[in-house]
Amino acid sequence: GNFRKKNEPFWCLRGANFEIPAGRTIGVIGPNGSGKSSLLGLTAGTITPTEGCVRTNGRISSLLELGAGFHPDLSGRENVFLNAALLGIPREDVKKKFDRIVDFADLRDFIDMPVKHYSSGMYVRLGFSVAVEVDPDILLIDEVLAVGDISFQLKCLDRIRDFQKRGKTLLFVSHALQTVEEFCHEAFLIHHGQLVERGDPGDVVLKFIRSYMGEGGGLYTQEFGTRAVEFGNVRLLDAAGKDAITFETGGPLTVEIPYVAHRRVEKPVFGFSLKTGNGMYVFGSNTQIQKYDLPFIEGEGTVRLDLGPVRLMHGNYFLSLAIHSWDHAEQFHRREDWWPFAVRNPTGALGMFQLDSRWSSGGVGNNG
Numbered sequence: 230g231n232f233r234k235k236n237e238p239f240w241c242l243r244g245a246n247f248e249i250p251a252g253r254t255i256g257v258i259g260p261n262g263s264g265k266s267s268l269l270g271l272t273a274g275t276i277t278p279t280e281g282c283v284r285t286n287g288r289i290s291s292l293l294e295l296g297a298g299f300h301p302d303l304s305g306r307e308n309v310f311l312n313a314a315l316l317g318i319p320r321e322d323v324k325k326k327f328d329r330i331v332d333f334a335d336l337r338d339f340i341d342m343p344v345k346h347y348s349s350g351m352y353v354r355l356g357f358s359v360a361v362e363v364d365p366d367i368l369l370i371d372e373v374l375a376v377g378d379i380s381f382q383l384k385c386l387d388r389i390r391d392f393q394k395r396g397k398t399l400l401f402v403s404h405a406l407q408t409v410e411e412f413c414h415e416a417f418l419i420h421h422g423q424l425v426e427r428g429d430p431g432d433v434v435l436k437f438i439r440s441y442m443g444e445g446g447g448l449y450t451q452e453f454g455t456r457a458v459e460f461g462n463v464r465l466l467d468a469a470g471k472d473a474i475t476f477e478t479g480g481p482l483t484v485e486i487p488y489v490a491h492r493r494v495e496k497p498v499f500g501f502s503l504k505t506g507n508g509m510y511v512f513g514s515n516t517q518i519q520k521y522d523l524p525f526i527e528g529e530g531t532v533r534l535d536l537g538p539v540r541l542m543h544g545n546y547f548l549s550l551a552i553h554s555w556d557h558a559e560q561f562h563r564r565e566d567w568w569p570f571a572v573r574n575p576t577g578a579l580g581m582f583q584l585d586s587r588w589s590s591g592g593v594g595n596n597g
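Note that the sequence shown covers residues 230 to 597 in the working numbering.
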């Protein structure tokens, strides 16, 4: 079977040989339990390697887990100085930066409260603020940023951009694949403790989606319903009618949706929605809204959803599907974030959608 012998070692990370030049931003992706956090822990020095070695050059600041380096009974103020001391920052330097740390974390009204009373979001805000304000050469960030609210996440991303401009080195673990593509110079794909792929973020993310995030493999995947009607083997098809996971902006994308109705259902409603790889809703609709009425279904059948020409821009997306009753009283089958796919845009245009846009001129500079 898949059981290890009692004394057989479990390798969290093994055979990962790499060098990161100064000033690079590296995104680390992979399935849960693959060894991503272990890689950051080894780099930070919080984990000692069983074999091999890790060499770093410069001051390291890390935000690896919620509340790491904080004492729950101390106030936020006291923990700022404690955390900075653990990073080797002189107390006088911290005093000069203290107001900036508190203001960035937006915790002025709570800074003298014991941190054991902080919410998870407050923990993250204070931890990130200390980590970046001590001005490290190398910044390590685990998935903890996902805990903060969206406005703070945007502040963090702005600060990361500033770090990049100043030639700092960043290594961060993220399930937000879109962020990895947008911010990183390079991506590492970790699986079963092995560095299986490294290179251009777009290529590595696509490899991850194809190899490890198949049907039902999304981070926020859910499935529920009475199953009076249920989905069969849903397929995403290209122009040739072949199974595909990568599509082009402006090209075709057809979803073939087989179903089995275990009883006669009058006027069923089929619906879909699309999300970005970061969980943002892009679009959703259903047969009821689009006035495509099915009188009834019974037994096996298939419906097709044509999403072409694809208006989505370069990115990674998840498709959700649902079948429910006409009055919405019964959800027969819903699969949320179940089918991953990627869109690649060869034109270089920016944004989330391709809109029909045209240019014209008259008068100025017009010889006519």
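We put the beta carbon where it would ideally sit given N, CA and C, even for glycine. Quick caveat: nothing in here was measured; it's all calculated off a predicted structure.
Assigned with DSSP and collapsed to three states, Ala490 falls in strand.
Gly305 places its beta carbon 8 Å or farther from that of Asp328. For Lys520, the secondary structure class from DSSP, reduced to helix, strand or coil, is coil. Within a 10 Å sphere around the beta-carbon of Ala469 sit fewer than 16 other beta-carbons, which makes this residue exposed. Runs of the alpha helix (DSSP H) lying entirely within the stretch 258 to 327, each at least 4 residues long, are 265 to 273 and 305 to 315 in chain order. In the three-state reduction of the DSSP assignment, Thr455 falls in the coil class. The continuous stretches of alpha helix (DSSP H) do not include Ala571, which lies in the beta strand (DSSP E) extending over residues Gln560 to Arg573. With respect to Val425, Glu410 sits apart: the two C-beta atoms are not nearer than 8 Å. Counting the other CB atoms within 10 Å of its CB gives His557 a total below 16, which places it among the exposed residues.
Nearest C-alpha to Leu292 among Pro301, Val283, Leu316 and Asp302: Leu316. Annotation for Val494: Ala457, Val458, Phe525, Ile526, Glu527, Ser554 and Phe561 place their beta carbon closer than 8 Å to its own, counting only its chain and skipping 5 residues before and after.
Apart from the 5 residues on each side of it in sequence, Gly461 sits with its Cβ closer than 7 Å to the Cβ of Pro487, Tyr488 and Val489 in its chain, given in chain order.
Counting the other CB atoms within 10 Å of its CB gives Pro250 a total below 16, which places it among the exposed residues.
Residue environment: Lys504 is assigned as buried (16 or more neighbouring CB atoms within 10 Å of its CB, all protein chains considered). Fully enclosed beta strand (DSSP E) runs of no fewer than 3 residues occupy 367 to 370 and 398 to 402 of the stretch 321 to 406, in order along the chain. A Cβ-Cβ contact shorter than 8 Å links Phe401 with Ile370. Val433 sits in a helix when the DSSP states are folded into three classes. By DSSP's assignment, Leu465 forms a beta bridge with Val484. Rounded to whole angstroms, the separation of the alpha carbons of Pro575 and Glu307 is 52 Å. Annotation for Arg288: Pro365 and Asp366 place their beta carbon closer than 6 Å to its own, counting only its chain and skipping 5 residues before and after.
The bridge partners DSSP lists for Tyr510 are Lys504. Across the structure, Glu362 and Ile330 are spaced so that their CA atoms are roughly 6 Å apart. The beta carbon of Asp472 lies closer than 8 Å to those of Arg464, Leu465 and Leu466 in the same chain, with the five residues before and after it left out. Contact fails between the stretch 392 to 406 and the stretch 334 to 354, because fewer than three Cβ pairs, one in each stretch, are under 8 Å apart.
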